[in-house]
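Number of protein chains: 6
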Amino acid sequence: MNISARNVLKGTIIEVTEGATTAHVKIQVGDAVVTASITNDAVKDLGLKKGMAASAVIKASDVLVAVE
Amino acid sequence: MNISARNVLKGTIIEVTEGATTAHVKIQVGDAVVTASITNDAVKDLGLKKGMAASAVIKASDVLVAVE
Amino acid sequence: MNISARNVLKGTIIEVTEGATTAHVKIQVGDAVVTASITNDAVKDLGLKKGMAASAVIKASDVLVAVE
Amino acid sequence: MNISARNVLKGTIIEVTEGATTAHVKIQVGDAVVTASITNDAVKDLGLKKGMAASAVIKASDVLVAVE
Amino acid sequence: MNISARNVLKGTIIEVTEGATTAHVKIQVGDAVVTASITNDAVKDLGLKKGMAASAVIKASDVLVAVE
Amino acid sequence: MNISARNVLKGTIIEVTEGATTAHVKIQVGDAVVTASITNDAVKDLGLKKGMAASAVIKASDVLVAVE
Chain L
1 MNISARNVLK GTIIEVTEGA TTAHVKIQVG DAVVTASITN DAVKDLGLKK GMAASAVIKA
61 SDVLVAVE
Chain W
101 MNISARNVLK GTIIEVTEGA TTAHVKIQVG DAVVTASITN DAVKDLGLKK GMAASAVIKA
161 SDVLVAVE
Chain P
201 MNISARNVLK GTIIEVTEGA TTAHVKIQVG DAVVTASITN DAVKDLGLKK GMAASAVIKA
261 SDVLVAVE
Chain G
301 MNISARNVLK GTIIEVTEGA TTAHVKIQVG DAVVTASITN DAVKDLGLKK GMAASAVIKA
361 SDVLVAVE
Chain F
401 MNISARNVLK GTIIEVTEGA TTAHVKIQVG DAVVTASITN DAVKDLGLKK GMAASAVIKA
461 SDVLVAVE
Chain Z
501 MNISARNVLK GTIIEVTEGA TTAHVKIQVG DAVVTASITN DAVKDLGLKK GMAASAVIKA
561 SDVLVAVE
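Chains as they are written, first to last, in the working numbering: chain L, 1 to 68; chain W, 101 to 168; chain P, 201 to 268; chain G, 301 to 368; chain F, 401 to 468; chain Z, 501 to 568.
See the structure below:
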């Protein structure tokens, strides 16, 4: 599958925390850690686990820009 | 200003393209390039230009996870 | 690629309209038409054209619910 | 109320799952099931229940496009 | 139509700017001005014009919190 | 930090409700109450509490427009 999202950041899952319905998945991407808030169902369906290769996928219209 | 967004990726602006109302800003973050789609007004207000230090700010609930 | 998005709606592209930086892509999904607003760059990279099979991908946290 | 969202997909609620603060609502839309992640408060305010007619409302800028 | 969005801010449209595909609509809400970036098609369909009563509708998961 | 988001609505936190992973923060902005759904981690990191001054930050592309 190829996707229109401009941002596909490859990395490795370093933490998966499931809540009641919503899970947090942390992906190490180079020196940065990207946190994704997704459904528990998605975690189960994709079998997401610490140590797996995974990408953080982000639509360009969801990125803000900040300057000091 | 401190912000609730979990993802603040520091980098350098490498390209700014303004459209009729919407601009695309590319930020080099380590080895990755992150594209933001923001308003022309924001580009003007922040004075965004190639070469400036800037961060890509992304809310955790806007991050999807993909696996091969 | 498998993605965490809960909603992957399969259909056929019926219209692609490029703007200055932002394009609109209409996908026929069963009886419904789903409109996506994505970058012109994505349209080019994926070679999106009328008649192509394509899916509308939507994160569950981006879906609102309305009742009459 | 008329809304600017380009995508208003009419269907029937087939499942409501409340979490600690966030609920998942599944709506059957034609042959597809659309999952919405909304607040428990919204579920209560709208009285969302299995069997109710409801629409999945999605802003065009929140739709990604994927091709095989 | 009742909608799950937690934030429905009533006001008056003070400016509509159409671009190639994307329009900006500014709504005066009390002392604040809220800017919406929506499709030109939506502006046309709803007949949005300066001086009209309108609400800015925002899903709770799209709101960030900032502190000084 | 200056941010590209067009909407920064200043107010006062009137309620913080933490869930399993996701929290709801209500901010009084003039006569309106804006609800933000953010991570528990963000609540902790920013030390968000009832009575604090805080802003609701919203990207223009996340605002829908509704008319009666």
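Where a beta carbon is used, it is the ideal one built from N, C-alpha and C, also for glycine.
| request: Using a Cβ-Cβ cut-off of 9 angstroms, state whether G419(F) counts as contacting chain Z. | output: What you label residue 419(F) is simply residue 19 of the fifth sequence in a count that begins at 1. Residue contact check for G419(F) against chain Z: no CB pair falls below 9 angstroms.
| field | Reduced DSSP secondary structure (H/G/I, E/B, other) of A136(W) | value | Taking the second sequence and counting its residues from 1, the one referred to as residue 136(W) is at position 36. Strand.
| request: Check whether the Cβ atoms of V234(P) and V325(G) sit closer than 9 angstroms, and answer yes or no. | output: Your numbering for residue 234(P) matches position 34 in the third sequence. Your numbering for residue 325(G) matches position 25 in the fourth sequence. No, Cβ-Cβ distance for V234(P) and V325(G) is not below 9 angstroms.
| Where the beta strand (DSSP E) containing K310(G) begins and where it ends | Reading the fourth sequence from its first residue, position 10 is the one you call residue 310(G). Per DSSP, K310(G) belongs to the beta strand (DSSP E) from N307 to E318.
| field | Proximal chain F residues relative to L248(P), where beta-carbon distance stays under 8 angstroms | value | The residue you call residue 248(P) lines up with position 48 of the third sequence. None at all; the shortest Cβ gap to chain F is about 14 angstroms.
| said: Is the beta carbon of V143(W) closer than 9 angstroms to that of A123(W)? | reply: Locating residue 123(W) in the second sequence gives position 23, where the first residue counts as 1. Locating residue 143(W) in the second sequence gives position 43, where the first residue counts as 1. A contact, by the Cβ cut-off of 9 angstroms.
| field | When A56(L), L46(L), N2(L) and A66(L) are compared against A132(W), the one with the closest alpha-carbon | value | Stepping through the second sequence from its first residue, residue 132(W) is reached at position 32. Scanning A56(L), L46(L), N2(L) and A66(L) for the CA closest to the CA of A132(W) turns up A56(L).
| query | For A405(F), which option in A366(G), I358(G), M352(G) and V365(G) has the closest C-alpha, if you only look at C-alpha atoms? | reply | Stepping through the fifth sequence from its first residue, residue 405(F) is reached at position 5. If we check each option's Cα against that of A405(F), I358(G) comes out closest.
| field | Beta-carbon gap between A466(F) and I127(W) smaller than 9 angstroms | value | Counting from one through the fifth sequence, the residue named residue 466(F) turns up at place 66. Counting from one through the second sequence, the residue named residue 127(W) turns up at place 27. No.
| query | Quick one: what's got a C-beta closer than 8 angstroms to G119(W)'s C-beta in the same chain, skipping five residues either side? | reply | The count along the second sequence starts at 1 and reaches residue 119(W) at position 19. Once the five neighbours on either side are set aside, the close Cβ partners of G119(W) are N140.
| query | Once you ignore the five residues that flank V529(Z) on each side, which residues in its own chain have a CB closer than 8 angstroms to its CB? | reply | By one-based count along the sixth sequence, residue 529(Z) stands at place 29. Correct list, in chain order: L509, K510, G511 and A556.
| message | On the CB-based measure, 16 or more other CB atoms within 10 Å of its CB, does A236(P) come out buried or exposed? | response | For this step, residue 236(P) is matched to residue 36 along the third sequence. Counting Cβ neighbours within 10 Å, A236(P) comes out buried, since at least 16 surround it.
| query | Nearest to T417(F) by CA position, among E468(F), K450(F), A460(F) and M401(F), is which residue? | reply | The residue given as residue 417(F) occupies position 17 in the fifth sequence. Of the listed residues, the one whose Cα sits closest to T417(F) is K450(F).
| field | Cβ-based neighbour list, A453(F), same chain, cut-off 7 angstroms, excluding 5 preceding and 5 following | value | Indexing the fifth sequence from 1 puts residue 453(F) at position 53. Excluding residues within five positions, the ones whose Cβ falls inside 7 angstroms are T412.
| Where I3(L) meets chain G, residues with beta-carbon distance less than 7 angstroms | Taking the first residue of the first sequence as position 1, residue 3(L) is located at position 3. L364 and A366, listed in chain order.
| query | L264(P): beta carbon under 8 angstroms from a heavy atom of the ligand MN? | reply | The ligand MN is not among the ligands present in this structure, which contains no ligands whatsoever.
| Can you list, in chain order, the stretches of the beta strand (DSSP E) that have 3 or more residues and sit fully within the region 341-368 of chain G? | Within the region 341-368 of chain G, the complete beta strand (DSSP E) runs of at least 3 residues are 353-358 and 364-367.
| message | For T221(P), report the span of its beta strand (DSSP E) as first-last. | response | Numbered from its first residue, the third sequence carries residue 221(P) at position 21. It is not in any beta strand (DSSP E) - T221(P) carries neither H nor E in the DSSP assignment.
| task | Can you pull the chain L residues whose beta carbon is under 7 angstroms from the beta carbon of T539(Z), in chain order? | result | The sequence position of residue 539(Z) within the sixth sequence is 39, counting from 1. Chain L residues near T539(Z): H24 and S37.
| request: Tell me whether I438(F) is buried or exposed, calling it buried when 16 or more other Cβ atoms sit within 10 Å of its Cβ. | output: Within the fifth sequence, residue 438(F) is the residue found at index 38, counting from 1. Classification for I438(F): buried.
| task | Report yes or no: is there a C-beta of chain G within less than 9 angstroms of the C-beta of V429(F)? | result | As a first step, residue 429(F) must be located in the fifth sequence, where it is residue number 29. No, V429(F) lies away from the interface with chain G (no Cβ there is under 9 angstroms from its Cβ).
| task | Give every residue of the same chain whose Cβ lies closer than 7 angstroms to the Cβ of A460(F), excluding the five residues on either side of it in the sequence, and list them in chain order. | result | The count along the fifth sequence starts at 1 and reaches residue 460(F) at position 60. R406 and N407.
| Of all the options I14(L), E15(L) and E68(L), which has the alpha carbon lying nearest to the alpha carbon of L146(W)? | For the purposes of this step, residue 146(W) is identified with residue 46 of the second sequence, where counting begins at 1. Of I14(L), E15(L) and E68(L), the residue nearest in Cα terms is E68(L).
| said: Here's a check: name, in chain order, each residue in its chain whose Cβ is nearer than 8 angstroms to the Cβ of T321(G), leaving out the five neighbours to either side. | reply: Stepping through the fourth sequence from its first residue, residue 321(G) is reached at position 21. Correct list, in chain order: T339 and N340.
| query | Name the chain Z residues whose beta carbon is nearer than 7 angstroms to that of S361(G)? | reply | Counted from its first residue, the fourth sequence places residue 361(G) at position 61. Per Cβ cutoff of 7 angstroms: S561.
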